[in-house]
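Heads up, the thing below is written out as structure tokens.
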Ligand code: F2R
Ligand code: MG
Ligand code: MG
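Shown next as structure tokens:
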């Protein structure tokens, strides 16, 4: 893995994200809390069989996760220093072009308001969601993969940092603390995966992420409004740091974790806090253990495990796919999966364009 090029990792991240969405969408919210191993294996076998046919290949279509990621990529390529107006326009135009991609129920209001206001006060509609609490959905995290790729260049220059960039992209639609910090954690995980060299060191990965998230969550305490809790219970101030310890435990344990425990303690829901950790868990666990998918490589295992958790499968798999693709590169991603999923060739082009921006 040492000789993996950055370009291969960029392609891996963006293609991994597309595949997770297209394949995971097949099960979104259908079989929570978990999906039997056989169903996942059958689906993958079906994709692989389909890819061998000469004619009329069935195409697994992407959903809102990829539709929004494509807008992030296109906007960052056109405006590497970030243009909030351009990105908001791209989200809105893409939604109005293809509204049936399975968007979240609330985010649609933002697109309508942005269009109606002619993009005047770009961050206002998102801040008005849910009586000013903002959306806690995972829509910010699911689309963030192009940002850490672009922001990879921050290490050589004083460009916009991955945390700043992620924050600005996420706030266009999500202002809830947990949505923003979930997108930041996903962004940081992709950035760390881009640097994985030998075998993934789970402890090191979690320790680094936790130390970065501690600073992020500390900052949120003073800057972001405290979220409401339904029963008025005390709000956890460092929820991502806390859940990272659970991710570590389940990723490292010898025996295969119980799926119900994963659902109960990590979550597989539509909220960022209850889905970003599951994606990270899938990547880390599959880097070390075969569990139900022993005959598959670590990238394939990541995807299959993330989908088997059930719940918000397209989104958890798109996030897990982006991290795994950044780590293992494009060459381990089966051609058969790539030929059967919509949007792969565009993802490769975006990766090439973002790669060209490195060092600029
Ligand atoms: N929308 C879907 N799939 C269909 C979902 C059906 C499911 N039974 C369900 O709605 O629970 N998938 C796509 O949506 C997710 C990304 O959503 P995003 O972009 O974050 O959208 P939104 O609308 O902002 O949030 C989603 C829902 O979360 C609830 N919610 C968010 N913040 C809330 C708050 N502060 N208080 C109460 N509820 C809040 C609402 O139900 C929102 O509609 C991905 O899964 C993507 O694949
Ligand atoms: Mg979706
Ligand atoms: Mg989803």
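Numbering (mature numbering (1 follows the signal peptide of the UniProt record, and there is no 0)), first residue to last: -20 to -1, 1 to 340.
Quick reminder that beta carbons are idealized off the backbone N, C-alpha and C, glycines included.
#### Entry: Residue environment, residue 121, which counts as buried when at least 16 other CB atoms sit within 10 Å
Your numbering for residue 121 matches position 141 in the chain shown. Residue 121 should be labelled buried.
### Message
Restricting to Cα atoms, I'd like to know which of 50, 28 and 103 is closest to residue 40.
### Response
Stepping through the chain shown from its first residue, residue 40 is reached at position 60. Measuring C-alpha to C-alpha distances from residue 40 to each of 50, 28 and 103 identifies 28 as the nearest.
### Message
Pull the bridge partners of residue 40 from the DSSP assignment, please.
### Response
Residue mapping note: residue 40 aligns to position 60 of the chain shown, counting from 1. DSSP output for residue 40 lists 321 as bridge partner(s).
#### Entry: Contacting residues, own chain, Cβ-Cβ under 8 Å from residue 86 (five flanking each side not counted)
Looking up residue 86 in the chain shown gives position 106. Cβ within range, chain order: 109, 110, 115 and 117.
### Query
Per DSSP, residue 251 forms a beta bridge with which residues?
Counting from one through the chain shown, the residue named residue 251 turns up at place 271. 117, per the DSSP bridge assignment.
### Query
Among residues of its own chain, excluding the 5 on either side of residue 93, which ones have a beta-carbon nearer than 7 Å to its beta-carbon?
The sequence position of residue 93 within the chain shown is 113, counting from 1. Contacts found: 105.
### Query
So is residue -5 buried or exposed if we call it buried at 16+ other beta carbons inside 10 Å?
Position 16 of the chain shown, counted from the first residue, corresponds to residue -5. Counting Cβ neighbours within 10 Å, residue -5 comes out buried, since at least 16 surround it.
### Query
Using the rule of at least 16 other Cβ atoms within 10 Å of the residue's Cβ for burial, across every protein chain shown, is residue 352 buried or exposed?
The shown model of the chain, from -20 to 340, leaves out residue 352, and the question about it has no answer.
### Query
Under 8 Å from any heavy atom of ligand 2, does the C-beta of residue 295 make it?
Taking the first residue of the chain shown as 1, we reach residue 295 at position 315. Flag set: Cβ of residue 295 near ligand 2.
### Query
Roughly how many whole angstroms lie between the Cα atoms of residue 239 and residue 14?
Position 259 of the chain shown, counting from 1, holds the residue named residue 239. Position 34 of the chain shown, counting from 1, holds the residue named residue 14. In a straight line, the C-alpha of residue 239 is about 6 Å away from that of residue 14.
### Message
Taking the straight line between their C-alpha atoms, what separation do you get for residue 43 and residue 326?
### Response
Here residue 43 corresponds to residue number 63 of the chain shown, with the count starting at 1. Here residue 326 corresponds to residue number 346 of the chain shown, with the count starting at 1. Spanning the two alpha carbons is a distance of roughly 15 Å.
### Query
DSSP state of residue 103, grouped into three classes?
Residue mapping note: residue 103 aligns to position 123 of the chain shown, counting from 1. In this structure, residue 103 counts as coil in the three-state DSSP scheme.
#### Entry: Alpha-carbon spacing of residue 145 relative to residue -13, whole angstroms
Translated into the one-based positions of the chain shown, residue 145 becomes position 165. Translated into the one-based positions of the chain shown, residue -13 becomes position 8. Roughly 23 Å separates the two Cα atoms.
### Message
Tell me the rounded alpha-carbon separation between residue 300 and residue 186.
### Response
Position 320 of the chain shown, counting from 1, holds the residue named residue 300. Position 206 of the chain shown, counting from 1, holds the residue named residue 186. Their Cα atoms are separated by approximately 15 Å.
### Message
Is any non-hydrogen atom of ligand 2 found closer than 8 Å to the C-beta of residue 216, if you look at the structure I gave you?
### Response
If you number the chain shown from 1, residue 216 lands on position 236. Incorrect: residue 216 has no Cβ contact closer than 8 Å to ligand 2.
### Task
Have a look at 153, 56 and 270 and flag the residue whose alpha-carbon is nearest the alpha-carbon of residue 336.
Here residue 336 refers to the residue found at position 356 when the chain shown is read from its first residue. Residue 56 is the option with its Cα nearest to residue 336.
### Message
Just checking residue 122 against ligand 3 - is the residue's beta carbon closer than 8 Å to any of the ligand's heavy atoms?
### Response
Your numbering for residue 122 matches position 142 in the chain shown. Yes, the beta carbon of residue 122 sits closer than 8 Å to at least one heavy atom of ligand 3.
### Message
Going by DSSP in three states, residue 338 sits in which element: helix, strand or coil?
### Response
The residue you call residue 338 lines up with position 358 of the chain shown. If DSSP states are grouped into helix, strand and coil, residue 338 belongs with coil.
### Task
Evaluate residue 215 with the Cβ neighbour count: other Cβ atoms within 10 Å of its Cβ, from every protein chain shown; 16 or more gives buried, anything less gives exposed.
Taking the chain shown and counting its residues from 1, one reaches residue 215 at position 235. Label assigned to residue 215: exposed.
### Message
Can you determine whether any heavy atom of ligand 2 sits closer than 8 Å to the C-beta of residue 417, and answer yes or no?
### Response
Coverage of the chain is limited to positions -20 through 340, which leaves residue 417 absent and any answer about it impossible.
### Message
Below 8 Å, how does it come out for the stretch 310 to 330 and the stretch 173 to 182: are there three or more Cβ pairs, yes or no?
### Response
no
### Task
Could you tell me which uninterrupted alpha helix (DSSP H) segments, each at least 4 residues in length, are contained entirely in the stretch 229 to 308, listed from first to last along the chain?
Runs of the alpha helix (DSSP H) inside the stretch 229 to 308: 239 to 245, 256 to 268, 278 to 288 and 293 to 308.
### Query
What number of angstroms, rounded off, separates the C-alpha of residue 158 from the C-alpha of residue 26?
In the chain shown, the residue the question calls residue 158 occupies position 178. In the chain shown, the residue the question calls residue 26 occupies position 46. Taking the straight line from one Cα to the other gives about 37 Å.
### Segment contact flag, the stretch 241 to 252 with the stretch 269 to 283, C-beta cutoff 8 Å, min 3 pairs
no
### Member of 297, 160 and 188 whose CA lies at the smallest distance from the CA of residue 173
If you number the chain shown from 1, residue 173 lands on position 193. Considering only alpha carbons, the answer is 188.
### Task
Would you decide whether residue 191 is buried or exposed? Buried here means 16 or more other CB atoms lie within 10 Å of its CB.
Counted from its first residue, the chain shown places residue 191 at position 211. Residue 191 comes out exposed.
### Task
Throw me the rounded Cβ distance for the residue -3 and residue 256 pair, which I believe falls under 8 Å.
In the chain shown, the residue the question calls residue -3 occupies position 18. In the chain shown, the residue the question calls residue 256 occupies position 276. At roughly 18 Å, the Cβ-Cβ gap does not stay under 8 Å, so residue -3 and residue 256 are not in contact.
### Query
If you draw a straight line from the alpha carbon of residue 48 to that of residue 123, how long is it in whole angstroms?
Residue mapping note: residue 48 aligns to position 68 of the chain shown, counting from 1. Residue mapping note: residue 123 aligns to position 143 of the chain shown, counting from 1. Distance between the alpha carbons of residue 48 and residue 123 is about 6 Å.
### Message
Which residue marks the beginning of the alpha helix (DSSP H) containing residue 28, and which one marks its end?
### Response
Numbered from its first residue, the chain shown carries residue 28 at position 48. First-last of the alpha helix (DSSP H) with residue 28: 17 to 32.
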